[in-house]
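Numbering (this note's numbering), first residue to last: 4 to 89.
Taking it in order: structure first as structure tokens, then the write-up.
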């Protein structure tokens, strides 16, 4: 058995300023080139220094984390097992 790994990460990307995720990347490449335009953000507020100064009180809370074999924590209709439907 190979086991499983859960990795949770919060980070500020000083190298690419998160542009690889939702902006034009690599910077300087034509946005008409396939794969370069990755989302609507212009990247102007993705700098770690900006984020820390403007959102110094930001927090995160991980909740309701489930673990198990693939497919064992959700029902066939896509709801998590144990969810209450009203």
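Glycine included, C-beta positions come from ideal geometry on N, C-alpha and C.
Beta-carbon to beta-carbon, residue 34 and residue 40 are separated by about 4 Å, close enough to satisfy the 8 Å threshold.
A Cβ-Cβ distance of about 13 Å is found for the pair residue 26 and residue 38, leaving them out of contact under the 8 Å criterion.
Just measuring C-alpha positions, the residue of 73, 32, 63 and 52 sitting nearest residue 13 is 63. Between the C-alpha atoms of residue 72 and residue 24 there is a straight-line separation of about 28 Å.
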